[in-house]
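Asks:
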Amino acid sequence: MNYNKDLPEILATDFKRKWNDFCIASDKAKITILKDQEFLTEIKQVFTFSDFVAVSCTRNPEMISDLIENGDLYQQYSSDTYSDKLKITLAGIKKDLELERTLRLFRTREMVRIAWRDLTGLAGLSETMSDLSALADACIDHTLSILYDRLCTEFGIPTGSGDLPLRLVVIGMGKLGGHELNFSSDVDLIFAFAEQGKTSQGPKSISNEKFFLKLCRQLIKIIGRVTSDGFVFRVDTRLRPFGENGPLCMSFDSMEQYYQRQGREWERYAWIKARAVAGDIEAGEELLEKLNPFIYRRYLDYGVFESLRDMKKKISLEVKRKGLKEDIKLGSGGIREIEFFGQIFQLIRGGVVPALQQRRIERVIKILAEENYFPRNVCDELLQAYDFLRMVEHRLQEFNDQQTHKIPSDMVGRERLAVSLGFNSYEIFSEQLKYHRTNVHTHFMALLETRDSKEKDKRVTDELGNLWLGLADDEHSVEILLNAGYRRPDRVISLLDHLRNDPATRALSSEGRNRLDNLMPLILKEIGAVDQPDSTLNRVVDLIKTIERRTCYLALLIENPAALTHLVKLSCASPLITSLLAAHPVLFDELLDTRTLYVPPKKDELDAELKKKLEQVDTHELEYC
3 MNYNKDLPEI LATDFKRKWN DFCIASDKAK ITILKDQEFL TEIKQVFTFS
53 DFVAVSCTRN PEMISDLIEN GDLYQQYSSD TYSDKLKITL AGIKKDLELE
103 RTLRLFRTRE MVRIAWRDLT GLAGLSETMS DLSALADACI DHTLSILYDR
153 LCTEFGIPTG SGDLPLRLVV IGMGKLGGHE LNFSSDVDLI FAFAEQGKTS
203 QGPKSISNEK FFLKLCRQLI KIIGRVTSDG FVFRVDTRLR PFGENGPLCM
253 SFDSMEQYYQ RQGREWERYA WIKARAVAGD IEAGEELLEK LNPFIYRRYL
303 DYGVFESLRD MKKKISLEVK RKGLKEDIKL GSGGIREIEF FGQIFQLIRG
353 GVVPALQQRR IERVIKILAE ENYFPRNVCD ELLQAYDFLR MVEHRLQEFN
403 DQQTHKIPSD MVGRERLAVS LGFNSYEIFS EQLKYHRTNV HTHFMALLET
453 RDSKEKDKRV TDELGNLWLG LADDEHSVEI LLNAGYRRPD RVISLLDHLR
503 NDPATRALSS EGRNRLDNLM PLILKEIGAV DQPDSTLNRV VDLIKTIERR
553 TCYLALLIEN PAALTHLVKL SCASPLITSL LAAHPVLFDE LLDTRTLYVP
603 PKKDELDAEL KKKLEQVDTH ELEYC
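Residue numbers (the working numbering): 3 to 627.
1) Could you give the distance in angstroms between the alpha-carbon of L370 and the alpha-carbon of I222?
2) Quick check: what's the CA-CA separation for M252 versus P563?
3) Tell me whether I346 sits in a helix, a strand or coil according to DSSP, three-state version.
4) Among the candidates H445, K30 and I66, whose CA atom is the shortest distance from the CA of E44?
5) Is there at least one non-hydrogen atom of the ligand NAD closer than 7 Å to the beta-carbon of S58?
6) Using only alpha-carbon positions, find the residue among K96, A31 and N402 that is nearest to T155.
7) What do you reckon, are the CB atoms on S135 and H181 nearer than 8 Å?
8) Provide the residue span of the beta strand (DSSP E) that contains A194, from first to last.
9) Going by the beta-carbon positions, is the gap between Q47 and T130 smaller than 8 Å?
10) Cβ atoms of A285 and I142: under 8 Å apart, would you say?
11) Nearest-angstrom Cα distance between G179 and R277?
12) State the start and end residues of the unbroken alpha helix (DSSP H) segment that holds I369.
13) At the level of alpha carbons, what is the spacing between S1 and N402?
14) Please report the distance separating the alpha-carbon of V570 from that of M447.
15) For V306, collect the residues of the same chain with a Cβ closer than 7 Å to its Cβ; drop the 5 residues on either side in sequence, then sort them by chain order.
16) Closest by CA to N62, which one among C25, T553 and G94?
17) Kindly indicate the opening and closing residues of the alpha helix (DSSP H) around G472.
18) Would you decide whether L469 is buried or exposed? Buried here means 16 or more other CB atoms lie within 10 Å of its CB.
19) Measure the alpha-carbon distance for N247 versus R392 and round it to whole angstroms.
20) Buried or exposed: which applies to Q360, given that a residue is buried once 16 or more other Cβ atoms fall within 10 Å of its Cβ?
21) Under 8 Å: do the stretch 332 to 340 and the stretch 434 to 444 share three or more Cβ pairs, one atom per stretch?
22) Note down, one range per segment and in chain order, each alpha helix (DSSP H) of at least 4 residues found wholly within the stretch 184 to 246.
23) If you reduce the DSSP assignment to three classes, tell me which class S253 lands in.
24) Compute the beta-carbon to beta-carbon distance between R2 and V234, rounded to the nearest angstrom, for a pair I have assumed lies under 8 Å.
25) Distance check for Y298 and R270, CA to CA, integer angstroms please.
26) Is A564 helix, strand or coil when you go by DSSP?
27) Can you grab the Cα-Cα spacing for the pair V588 / Y301, in whole Å?
28) DSSP on I116, reduced to helix/strand/coil?
29) Rounded to whole angstroms, what is the Cα-Cα separation between L289 and F254?
30) Specify whether the stretch 545 to 561 and the stretch 516 to 525 touch according to this definition: at least 3 beta carbon pairs, one from each stretch, less than 8 Å apart.
31) List the endpoints of the continuous beta strand (DSSP E) containing R416.
32) So, for V462: in the same chain, excluding its five sequence neighbours on each side, which residues have a beta-carbon less than 8 Å away from its beta-carbon?
33) Going by Cα to Cα distance, which pick from R119, T50 and I330 is closest to I409?
34) Around the C-beta of A14, are 16 or more other C-beta atoms found within 10 angstroms, so that it is buried, or is it exposed?
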């Protein structure tokens, strides 16, 4: 933004102090800074809104002079610029202390450039996030390369089958993986290597696992340690298999086995944005392809609603416990709720709609609008809120290069934040912040609530649930079923007993049984309202026996009452439909789209739909179509 307004007095006084310190430091260093009106306007707003930039420039006036003279401050970098610059900068470095210092000075220079461009409006949000991510990629990759070569000199080269050399794979998770890194962010990393084996061609051979473990530890130390020159990036490795108690790096086979057997629902969310950011990128992409079936199921997975509710509940408790109400990331209507909004649809449909397999949340939300999963106005409001909240996040962190998401509590901090975003006062900014957070939270809660929940609350009674669980006596069970609309309660009771004791039902996991227990009262209530409840229930129970092991379909019916209504209506009308659903459960998705459910398609529409679906399928997966 172009900032030509007079600063509030309290901020103007603060700027004058910083400017004076900078001028004294520049004079001592014999650095002449061009002080035309345009530059003075820029430095006024940058120094006012960022202590980090002001202090960095005052400590090292040569740095800002260099940024201006070589034009870096006023030009947009390409995707390879950071890597190219750092490669030259690190050439010939031998010792750890020299490597640490050089990396930190490079990081400071580039972070000053990024903050300057963001605060002056020279760069938009997308450029700022991409630059921060590319800077992290370059620092991790080049540091890794130097450390790898050193270890190879000491222990030899890690090798796999066929004596082929192996390199470490570094997976960037979260915002780093999505090219969405914030200004003062941790980098969430997971380390892996292709296969077990040992090193060769060195003075001392060790296992690949030991080699890569040493490499990971050195990398974390070099880029994460805080020195007198600061840090490069704080490293968080807790997202790895088994968390803090797990090995720091694992082979591909071990990692794939873990996620197949023990992967938890929240880990699927974590891997949505995953990207190979350093080391052997090609091998990293192979690992991501191996893990894709864990992240994105081949069926519509409505069970993710349960895990999201659980995750949101834990976050809400943390927000309350730590007093994070003003936190724009974790608090109500914050960045995390926007991310969850998009990610839940990615996990539900990503396996059958590859277009949703995106890393950047903004792209995901745009696809939700394009594909009519949500009204465009809802998606537009989420995107506007995301841009606003991410800009606020950067302003908060650019001030002192600290990872914070909390709105300042002091008057000066609040005024500074508001003015940095172009508002005349904190009160006006606060109203805009409230507007966006309210929109986000409203849409998020509407997503989490079971649709038609009010109707369900009125019509589904505790008695039907107790009846299904076998907690009601025979006389009371008959009364409940008669009131619900059934004509032969004795047959219904017998049918439910058979379903409860069916081997497939008894073999369900605790999660699957919970879903069935939640679904059956809804089914009983819905069927009781149709013309032929007894025969319809018989058909639906047969269908349940067929699909209950695929508990995602139970979740689909729980989370989509309209789909359950359509299922019951069609089952009442035609036993053929329930037979087709039992044979081809993927057809359950059609119950969700009332636009096509009862309208015979035209030939050209069928041709277009088939073509669209075939375009989304990899050639080696055509057999599944």
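Glycine included, C-beta positions come from ideal geometry on N, C-alpha and C.
Source: prediction; values computed, not measured.
Replies: A quick look at the data gives this:
1) What you label residue 370 is simply residue 368 of the sequence shown in a count that begins at 1. What you label residue 222 is simply residue 220 of the sequence shown in a count that begins at 1. The alpha-carbon atoms of L370 and I222 are separated by roughly 38 Å.
2) Taking the sequence shown and counting its residues from 1, the one referred to as residue 252 is at position 250. Taking the sequence shown and counting its residues from 1, the one referred to as residue 563 is at position 561. Distance between the alpha carbons of M252 and P563: 43 Å.
3) Here residue 346 refers to the residue found at position 344 when the sequence shown is read from its first residue. Three-state DSSP puts I346 in a helix.
4) By one-based count along the sequence shown, residue 44 stands at place 42. The option with the nearest alpha carbon to E44 is I66.
5) As far as ligands go, the structure on display features none, and thus does not contain the ligand NAD.
6) For the purposes of this step, residue 155 is identified with residue 153 of the sequence shown, where counting begins at 1. The shortest Cα separation from T155 among K96, A31 and N402 belongs to K96.
7) Start at 1 with the first residue of the sequence shown, and residue 135 comes out as number 133. Start at 1 with the first residue of the sequence shown, and residue 181 comes out as number 179. Yes, the Cβ-Cβ distance between S135 and H181 is below 8 Å.
8) Within the sequence shown, numbered from 1, the residue matching residue 194 stands at position 192. Unbroken beta strand (DSSP E) run through A194: V189 to F195.
9) Here residue 47 corresponds to residue number 45 of the sequence shown, with the count starting at 1. Here residue 130 corresponds to residue number 128 of the sequence shown, with the count starting at 1. Not a contact, by the Cβ cut-off of 8 Å.
10) What you label residue 142 is simply residue 140 of the sequence shown in a count that begins at 1. What you label residue 285 is simply residue 283 of the sequence shown in a count that begins at 1. Cβ atoms of I142 and A285: not closer than 8 Å.
11) The residue labelled residue 179 in the question sits at position 177 within the sequence shown. The residue labelled residue 277 in the question sits at position 275 within the sequence shown. Computed Cα separation, rounded: 5 Å.
12) Your numbering for residue 369 matches position 367 in the sequence shown. I363 to E372 is the span of the alpha helix (DSSP H), which, as asked, contains I369.
13) Outside the shown range of the chain (3 to 627) lies residue 1, about which nothing can therefore be said.
14) What you label residue 570 is simply residue 568 of the sequence shown in a count that begins at 1. What you label residue 447 is simply residue 445 of the sequence shown in a count that begins at 1. About 27 Å.
15) Taking the sequence shown and counting its residues from 1, one reaches residue 306 at position 304. The residues are E267, I346, L349 and I350.
16) Counted from its first residue, the sequence shown places residue 62 at position 60. If we check each option's Cα against that of N62, C25 comes out closest.
17) For the purposes of this step, residue 472 is identified with residue 470 of the sequence shown, where counting begins at 1. No alpha helix (DSSP H) holds G472; DSSP gives it neither H nor E.
18) On the sequence shown, position 467 is the one that residue 469 refers to. Under this definition L469 is a buried residue.
19) As a working mapping, residue 247 is identified with position 245 in the sequence shown. As a working mapping, residue 392 is identified with position 390 in the sequence shown. Distance between the alpha carbons of N247 and R392 is about 33 Å.
20) Within the sequence shown, numbered from 1, the residue matching residue 360 stands at position 358. Burial call: buried.
21) yes
22) 210 to 226
23) Here the question's residue 253 lines up with position 251 in the sequence shown. Assignment of S253 by DSSP, reduced to helix, strand and coil, places it in the strand class.
24) Absent from the model: residue 2. The displayed extent of the chain is 3 to 627, so no value can be given.
25) Looking up residue 270 in the sequence shown gives position 268. Looking up residue 298 in the sequence shown gives position 296. If you take the alpha carbons of R270 and Y298, they lie about 8 Å apart.
26) Counted from its first residue, the sequence shown places residue 564 at position 562. Of the three classes helix, strand and coil, the one that applies to A564 here is helix, per DSSP.
27) Translated into positions along the sequence shown, residue 588 becomes position 586. Translated into positions along the sequence shown, residue 301 becomes position 299. Whole-angstrom Cα-Cα distance: 7 Å.
28) As a first step, residue 116 is located in the sequence shown; it is residue number 114 there, counting from the start. The answer is helix: DSSP assigns I116 an H, G or I state.
29) Within the sequence shown, numbered from 1, the residue matching residue 289 stands at position 287. Within the sequence shown, numbered from 1, the residue matching residue 254 stands at position 252. The alpha-carbon atoms of L289 and F254 are separated by roughly 7 Å.
30) yes
31) What you label residue 416 is simply residue 414 of the sequence shown in a count that begins at 1. Element bounds for R416: not the beta strand (DSSP E) but the alpha helix (DSSP H), M413 to S422.
32) Against the sequence shown, residue 462 aligns to sequence position 460. With a pLDDT of 47 at V462, under the threshold of 50, the modelled position of that residue is not reliable, and the figure given next carries that caveat. If we look at V462 and ignore the five residues flanking it on each side, its Cβ neighbours are P523, L524 and K527.
33) As a first step, residue 409 is located in the sequence shown; it is residue number 407 there, counting from the start. The shortest C-alpha separation from I409 is found at I330.
34) Taking the first residue of the sequence shown as position 1, residue 14 is located at position 12. The residue is exposed, with fewer than 16 neighbouring Cβ atoms inside 10 Å.
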